[in-house]
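First up is the structure itself, then whatever we jot down about it.
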Amino acid sequence: MQTTGVKHVVHPYLQWYEGGLALARSMLRCNQAAQDVLQSAFDKALVAKRLPEDEPAQRVWFYKVIRNGCLDVLRYSQRFVADSEIELFSSSESFSDPVELSQQQVWVRQALMRLNSEQREIIVLRDVNELSYAEIAQVLQLNSGTVMSRLHRARLALREQLLALAADEVSS
Amino acid sequence: MNSDQQVCANVQEKLSAYLDDELTQQEQQRIYLHVQACPQCRALADDLTAMRSNLKSAVLCSVDERDLPKILHDQPARRFAFIGWALLIAAILLIGGIVSWQFIREVLNDTGIGRWLGIGVIAFYVGLFLLFLSVLRQRLIARKTDKYKKVQL
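Chains as they are written, first to last, in this note's numbering: chain F, 147 to 318; chain P, 543 to 695.
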């Protein structure tokens, strides 16, 4: 986020806005719904009586809130059931922005959207938000050995999708 | 050959954690040595590294700047608001002072009503004003110690 000359006090959780939005977007595949989840997560951060004291714990708490919010939305809209079908429709179109991206980045994003939601969330938590394995384990409520193997499998799957996309590009 | 593949499989399983610097120092060292020696594993490691650096920019740069409340930090608007408040407070003080001065003079000079009644009326209004001041003061103190006051979303 930009600071435009003016010195102003910003809520400490705002520093995770972009990362949180990226997480929600990749989980929900919908920008508006992701922003709604972020909004209610900030609402919870303001209202909650007992929050963690130190920053890393607050971060974990915040991502947990976002993830649970996303899961609620998904459950509510019954998308969990039809996950694989929706994947094909919304993988590329709904996520395109007018922002300039290199071809490589477009591919990475498309490939990410073709993974399943478990793999998407763990990759976004690690590679975009740079949480440590221990923190990811807390957010996803797994043990860290599981985080390690799941993350590795997710990355291999992403690589495969990337290779497939590149092959499509070459053949077409 | 078979044992070599076994070693590679073992290493590749931990390659992600190695790139994330999440292994113990000993394991980190072991995998580092293997990746240096084995071209296949190094290719995979390079792939994963490149993918990781692409991911962050690809997913993050899509955040729209307009999401953030720029309007709140608009400097001219803040200046106008400050001047407006200053003028408003000055006007209230001025008008209030003149009106109350004239009111007091009139009540004290007016011989139609008794002198004591006049003092009673003045005391009534001064009392109301003091009560207002006490509430205002409490509000201001509460506002100053409000921990959510500076929160901007």
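Here a beta-carbon is modelled for each residue, glycine too, at the ideal position from N, C-alpha and C.
Bear in mind that the values here come from a model prediction, so they are computed numbers and not experimental data.
Item                                                                                                                                     : Value
Below-7 angstroms beta-carbon distance, arginine 196/F vs any chain P residue                                                            : no
Neighbour flag for histidine 576/P against chain F, beta carbons, 7 angstroms                                                            : no
Proximity of isoleucine 212/F and leucine 169/F at Cβ, strictly below 7 angstroms                                                        : yes
Stretch pair the segment 248 to 259 of chain F + the segment 298 to 317 of chain F: three plus CB contacts closer than 8 angstroms       : yes
Tyrosine 209/F beta carbon less than 7 angstroms from that of valine 285/F                                                               : yes
C-alpha distance - valine 290/F paired with leucine 602/P, whole-angstrom precision                                                      : The sequence shown places serine at residue 290/F, not valine. Computed Cα separation, rounded: 25 angstroms.
Leucine 277/F - DSSP class collapsed to helix/strand/coil                                                                                : coil
Residues within the segment 668 to 687 of chain P neighbouring chain F, beta-carbon criterion of under 9 angstroms                       : none
Range of the contiguous alpha helix (DSSP H) that encloses glutamate 648/P                                                               : 617 to 651
Helix, strand or coil at tryptophan 162/F according to DSSP, with G and I counted as helix                                               : helix
Threonine 591/P - DSSP class collapsed to helix/strand/coil                                                                              : helix
Contact list for arginine 594/P against chain F, beta-carbon separation under 7 angstroms                                                : Asp273
Sufficient close CB pairs (3 or more, under 8 angstroms) joining the segment 193 to 200 of chain F to the segment 259 to 276 of chain F  : no
Per-residue DSSP class, three states only, for proline 198/F                                                                             : coil
Interface flag, valine 285/F vs chain P, CB-CB below 7 angstroms                                                                         : no
Distance CB(leucine 650/P)-CB(glycine 660/P) smaller than 7 angstroms                                                                    : yes
Asparagine 596/P classed as buried or exposed, judged by whether at least 16 other C-beta atoms fall within 10 angstroms                 : buried
8 angstroms Cβ cut-off: residues of chain P touching leucine 308/F                                                                       : Met593
DSSP state of asparagine 262/F mapped onto helix, strand, coil                                                                           : coil
Contact set between the segment 158 to 178 of chain F and chain P, restricted to residues whose Cβ is under 8 angstroms from the partner : Leu160, Tyr163, Glu164, Gly165, Leu167, Ala168, Arg171, Ser172
Proximity of leucine 561/P and leucine 590/P at Cβ, strictly below 7 angstroms                                                           : yes
Reduced DSSP category for cysteine 216/F - H, G, I as helix; E, B as strand; rest coil                                                   : helix
Separation of valine 274/F from glutamate 281/F, as counted between CA atoms                                                             : 14 angstroms
Residues within the segment 190 to 220 of chain F neighbouring chain P, beta-carbon criterion of under 8 angstroms                       : Leu192
Alpha helix (DSSP H) runs contained entirely in the segment 553 to 588 of chain P, provided each spans 4 or more residues                : 557 to 561, 567 to 579
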